[in-house]
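There are 2 protein chains.
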Amino acid sequence: MMYGVILAGGSGTRFWPKSREQVPKQLLKICGKGTLVQNTVERLLPLIPIENIFLVTNALHALETCRQMDAFGFLPSQLLAEPVGKNTAPAIALAARILAEENPDAIMAVFPADHVVQDPENFRRILEQGKEVAEKDYLVTLGIPPSRAETGYGYIKKGSPLEEAPKAFAVEQFMEKPDAQTAESCIQDGGYFWNCGVFLWKVSVLLDEIKTHLPDLYNRLDSIVSHTVENKRTFHYRLLDEKGKELYESLASISIDYGILEKSRRVALVPANIQWNDVGAWNALEEVLEKDANGNVVTENVVPMDCSGSIIQGEDRLIAAIGLKDVVVVDTPDALLVCDKNQAQKVKKLVGKLKTENRSEATLGATVQKPWGSYTVLEKKANYLVKRLDVYSGEQLSLQSHNHRTEHWTVVAGSAEIILNGKQFVLQRDESIFIPKYAKHRLSNPSDTLLTLIEVQIGDRIDEDDIVRYQDDYDRV
Amino acid sequence: MMYGVILAGGSGTRFWPKSREQVPKQLLKICGKGTLVQNTVERLLPLIPIENIFLVTNALHALETCRQMDAFGFLPSQLLAEPVGKNTAPAIALAARILAEENPDAIMAVFPADHVVQDPENFRRILEQGKEVAEKDYLVTLGIPPSRAETGYGYIKKGSPLEEAPKAFAVEQFMEKPDAQTAESCIQDGGYFWNCGVFLWKVSVLLDEIKTHLPDLYNRLDSIVSHTVENKRTFHYRLLDEKGKELYESLASISIDYGILEKSRRVALVPANIQWNDVGAWNALEEVLEKDANGNVVTENVVPMDCSGSIIQGEDRLIAAIGLKDVVVVDTPDALLVCDKNQAQKVKKLVGKLKTENRSEATLGATVQKPWGSYTVLEKKANYLVKRLDVYSGEQLSLQSHNHRTEHWTVVAGSAEIILNGKQFVLQRDESIFIPKYAKHRLSNPSDTLLTLIEVQIGDRIDEDDIVRYQDDYDRV
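Sequence order for the protein chains is A and B. Per my numbering, the first sequence starts with residue 437, numbered consecutively. Per my numbering, the second sequence starts with residue 437, numbered consecutively.
Here it is in structure tokens:
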């Protein structure tokens with residue numbers, strides 16, 4: 437029996453402006469059929485049934501992650517929402533502690549949610565090998581044969597072959613991200629592998645090691661688990677109650693590599709030639725997507741002229757590019773990135789700068805996720821605002837009123853149920869309603885399909901904060 | 437008495453995507469206080485009163501040009517709309533022919549509408565010098581002392597000083613755009629000036645020369661003038677009737693330089709050190725706008741990081757730029773240009789390519805000019821469309837109906853008068869109305885201020901062509 441634990445806690449600032457605080461990299465379509473987390477699950481399904489797949493995400497992304505998992509028949513109760521990221525050790529420990537209740541001798545495999553594996557069949561073969569090694573009570577880590585002197589990854593030095601497990605090796609050394617010279621000598625010397633963050637171990641063995649090397653963490657696991665609760669509506673994922681949050685927030689932030697693997701004597705390495713890529717920044721796109729004859733990676737709405745080695749990612753708008761060499765262009769409705777390809781690592785720093793300047797584009801996109809769906813600003817002026825609202829089937833906004841604005845709603849898809857000053861209205865596509873200032877109103881989508889409406893807000897003060905909530909399904913009153 | 441004739445017929449493909457077929461370069465704010473044509477007029481006003489200023493534009497741009505001129509007290513009857521561009525000779529000849537009716541001995545000065553002069557005081561001083569030379573029956577051309585071996589301009593070779601006009605010279609040779617080697621030797625040899633398209637002459641002298649060198653054109657001038665008519669509403673500019681259009685279209689397309697100046701023996705050169713720039717492409721912006729410490733020319737909403745020598749022109753959206761060197765970025769709501777600065781001349785070719793691919797972005801922007809105002813697409817989907825309509829004071833759309841869509845209108849600024857199936861409605865800000873399929877309707881703005889409304893179109897076919905017009909102020913039935 438094998439369980440998969442997918443760590444989907446990344447904040448993904450390096451894929452700004454497509455990724456934002458609300459929509460990190462693992463929730464984006466970057467390559468392959470689905471989003472990165474969907475692709476990660478799909479890659480495992482031939483080996484691990486969906487009911488054995490467990491996800492850990494930040495609470496911010498729990499709902500959207502459940503939505504993305506819905507098509508696979510994923511059980512939301514197998515998603516645990518962290519109130520705050522504490523690096524990998526606490527997330528993995530908590531997952532192990534929960535799985536131990538079902539089966540302490542189960543093999544648990546850990547996967548980052550936002551990496552690409554271009555040879556999934558071999559990947560699954562190697563996971564099966566790793567499982568055999570883990571069954572012999574090893575902490576197994578997959579190692580990627582390095583193809584260049586990369587300074588962005590940790591390295592693992594291979595030791596001698598393990599007697600009881602063919603194709604597996606002892607680990608001589610874990611090395612955190614090296615400098616350029618050290619990386620170069622790792623490649624020259626041979627016997628080094630990239631640490632790709634994929635691990636396999638018996639749940640009981642891991643918990644033993646945590647008890648030894650991270651006793652503080654170990655001692656709080658039971659208590660934290662006792663404070664997990666179910667999300668009340670829509671998707672019943674697990675989150676922590678107030679006390680649980682407090683406990684979790686007090687944990688030390690530490691990686692499983694540093695906290696356990698570098699200290700344990702039971703670590704084994706299984707080399708994995710699986711065409712792995714961590715898509716760590718925009719320049720990685722040329723490694724995972726198809727290039728044109730001039731080495732450009734471009735989306736549909738791009739007209740390149742005399743460009744080479746460039747990565748141009750558009751959406752609806754036309755992008756014309758002339759004479760670019762090694763330039764990254766990423767276009768979104770509210771923010772544009774143009775970046776030298778060899779400086780793509782600086783995007784993270786840029787997002788930090790935007791945050792210190794309090795620019796909303798650092799965290800929110802043109803489409804803002806809400807528990808009931810999302811809204812997209814189509815035009816914002818001083819005295820009016822035009823928005824598209826998308827309300828998921830079965831969801832409803834809070835019962836609310838506004839002191840400074842009126843709202844004109846026109847349904848363009850689906851149907852809406854509206855409570856306005858105590859009266860109920862049902863609006864179909866092509867029908868509209870007027871919400872006066874101060875009127876108590878509520879918008880619901882009782883139908884089976886997405887409700888889309890265009891909202892025109894008019895007032896002398898147009899502001900998201902101009903809202904009085906009387907009742908809310910999502911505890912926002 | 438001096439007259440100014442401003443040639444505002446440029447199509448301005450080289451400033452795409454800010455310039456489009458509907459909004460060429462002279463109608464854009466590129467540098468200085470107003471649009472380029474406004475700046476051109478303002479620069480002349482201390483010397484030439486507004487009632488002596490005459491404009492020639494393409495018919496496509498006549499209305500918008502009148503609007504831009506309105507604040508100066510410009511008389512629309514002094515604007516002549518060409519049905520089609522025929523280069524400079526026909527436009528200048530026609531203006532001369534019209535001015536001759538008022539005063540055949542007047543001095544007429546000709547100016548391109550879309551150039552920049554950074555020393556306007558000296559410019560006006562030189563125009564006064566030029567006027568004195570023109571009064572002695574010379575065709576005067578201003579010559580710019582060249583600062584580099586530019587291959588994009590024509591050159592004028594200075595001859596001997598004129599006895600009767602100090603500071604003016606005979607012209608030894610006109611040279612069309614030279615190759616790089618020839619341009620280099622022009623600079624080395626000295627005595628060459630750039631042809632900047634500014635000319636002064638007595639109306640009668642020019643007409644004499646046209647009679648000699650372009651007799652076909654001369655012979656048709658009277659007939660064309662007899663076919664000018666007034667635009668019926670809004671601005672009463674002059675245009676040609678059907679017969680006039682036919683005549684104009686049959687004219688040979690020829691420049692005044694090639695048609696007259698290269699052949700005439702009465703040409704004089706007046707050197708003009710006026711910090712002139714023809715802003716011929718995006719890279720010229722660094723010559724006419726202020727640069728930051730790293731040599732970048734950026735607008736407000738741009739966050740540059742480690743960039744140099746780049747030109748980044750945004751609008752509402754945030755543009756983040758990292759590590760760019762000599763890159764041009766021009767952002768508009770529906771199209772984006774990213775271009776190597778040293779290949780900015782290729783923008784024209786790119787627009788040609790877009791046209792052959794039938795991309796609407798080659799000709800229309802997100803905001804589409806209409807005789808009654810403009811509309812701006814805020815969101816376009818298969819089954820609905822959200823638009824902002826801006827209707828000028830006193831204007832009205834056609835009486836119309838749609839076979840495939842309904843319309844929901846919400847007034848967000850100004851007030852609207854609406855005829856709907858024969859009934860009249862007056863809508864103020866914050867009021868809305870529903871236009872059913874097939875309903876005959878008409879929208880007017882009888883007020884003194886701009887009317888702005890948000891239109892949501894809903895239907896199974898959303899198409900600008902889905903319109904039946906019953907009556908129209910602008911002859912579009």
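Cβ coordinates follow ideal geometry from the N, Cα and C atoms, glycine included. Here the structure is a predicted model, which is why all the values come from computation and not from measurement.
Chain-order list of chain B residues neighbouring Ile-898 of chain A: empty, with the shortest C-beta distance near 11 Å, by a criterion of under 9 Å. Beyond the five residues adjoining it in sequence on each side, Val-703 of chain A comes within less than 6 Å, by CB distance, of Leu-575, Val-607, Leu-697 in the same chain, given in chain order. When C-beta atoms of the segment 789-805 of chain B are compared with those of the segment 804-818 of chain A, fewer than three pairs fall below 8 Å, so the two segments do not count as touching.
Residue-level contact check: Asp-770 of chain A touches chain B, since one or more beta carbons of chain B fall below 7 Å from its beta carbon.
By the Cβ-count criterion, Thr-648 of chain B is exposed, with fewer than 16 other Cβ atoms from all chains shown falling within 10 Å of its own Cβ. Lys-572 of chain A is not a Cβ neighbour of Tyr-628 of chain A, given a cutoff of 7 Å.
Against Ser-868 of chain A, the close residues of chain B are His-844, Thr-846, Ser-868, Phe-870, Val-892, in the order they occur along the chain (beta-carbon pairs closer than 9 Å).
DSSP lists A:Glu-815, A:Val-892 as the bridge partner or partners of Val-822 of chain A. The Cβ-Cβ distance between Arg-897 of chain B and Arg-905 of chain B does not fall below 7 Å. Taking the CA atoms as reference points, Lys-817 of chain B sits about 23 Å from Pro-453 of chain A. Fewer than three beta-carbon pairs drawn from the segment 737-756 of chain A and the segment 637-644 of chain A are found closer than 8 Å, and the two stretches are therefore not classed as touching. Cβ-Cβ distances below 6 Å link Gly-468 of chain B to Asn-475 in the same chain, with the five nearest sequence neighbours on each side left out; the list follows chain order. Rounded to the nearest angstrom, the gap between the Cα atoms of Pro-769 of chain B and Leu-772 of chain A is 12 Å. Between the alpha carbons of Pro-602 of chain B and Pro-582 of chain B lies a distance of about 21 Å.
Gly-446 of chain B and Gln-462 of chain B have their C-alpha atoms spaced approximately 7 Å apart.
By the neighbour-count criterion, in which 16 or more other beta carbons inside 10 Å mark a residue as buried, Ser-829 of chain B falls on the exposed side. Contact between Glu-815 of chain B and Leu-814 of chain A holds: CB atoms are separated by about 5 Å, below the 8 Å threshold.
Residue state for Asp-902 of chain A is assigned as coil, using DSSP reduced to three classes. Residue range 498-506 is occupied by the alpha helix (DSSP H) that includes Asp-506 of chain B. According to the DSSP assignment, Thr-803 of chain B belongs to the beta strand (DSSP E) that extends over 803-806.
Distance from the Cα of Phe-605 of chain A is smallest, within the candidate group A:Glu-612, A:Ser-689, A:Ser-596, for A:Ser-596. Identification of chain B residues near Arg-865 of chain A by a Cβ-Cβ cut-off of 8 Å yields Ile-894, ordered along the chain. Sequence-distant partners of Gly-759 of chain A (beyond 5 residues in either direction) whose C-beta falls short of 6 Å from its own C-beta, in its chain, are Asp-742. The alpha-carbon separation between Val-553 of chain B and Ala-756 of chain A amounts to approximately 30 Å. The Cβ atoms of Asp-693 of chain A and His-551 of chain A lie no closer than 7 Å to each other.
With a beta-carbon spacing of about 7 Å, Ala-536 of chain B and Ser-640 of chain B fall inside the 8 Å limit used to define contacts. Residues Thr-449, Arg-450, Phe-451, Trp-452, Ala-717, Trp-718, Leu-773, Cys-775 of the same chain have their beta carbon placed closer than 8 Å to that of Val-783 of chain B, with the five preceding and five following residues left out of the count. Setting aside the 5 residues that flank it on each side, Phe-490 of chain A is surrounded in the same chain by Tyr-439, Gly-440, Val-441, Ile-442, Gln-514, Leu-515, Leu-516, Ala-531, Ile-534, Leu-535, each with a C-beta closer than 8 Å to its C-beta; the list follows chain order. Taking every protein chain shown into account, the CB of Lys-859 of chain A has fewer than 16 other CB atoms within 10 angstroms, so this residue is exposed. The C-beta of Pro-614 of chain A has 16 or more other C-beta atoms within 10 Å across all chains shown, which makes the residue buried.
Look at Glu-815 of chain B: its C-beta is under 7 Å from a C-beta on chain A. Annotation for Asp-644 of chain A: the continuous alpha helix (DSSP H) segment containing it runs 639-649. The bridge partners DSSP lists for Cys-775 of chain A are A:Val-764, B:Ile-758.
With a 10 Å radius around the Cβ and a threshold of 16 neighbouring Cβ atoms, Arg-584 of chain A comes out exposed. Judged by DSSP in its simplified three-state form, Cys-632 of chain A adopts strand. Annotation: Cβ neighbours of Lys-782 of chain A in chain B (cutoff 9 Å, chain order): Met-741, Asp-742, Ile-758, Gly-759.
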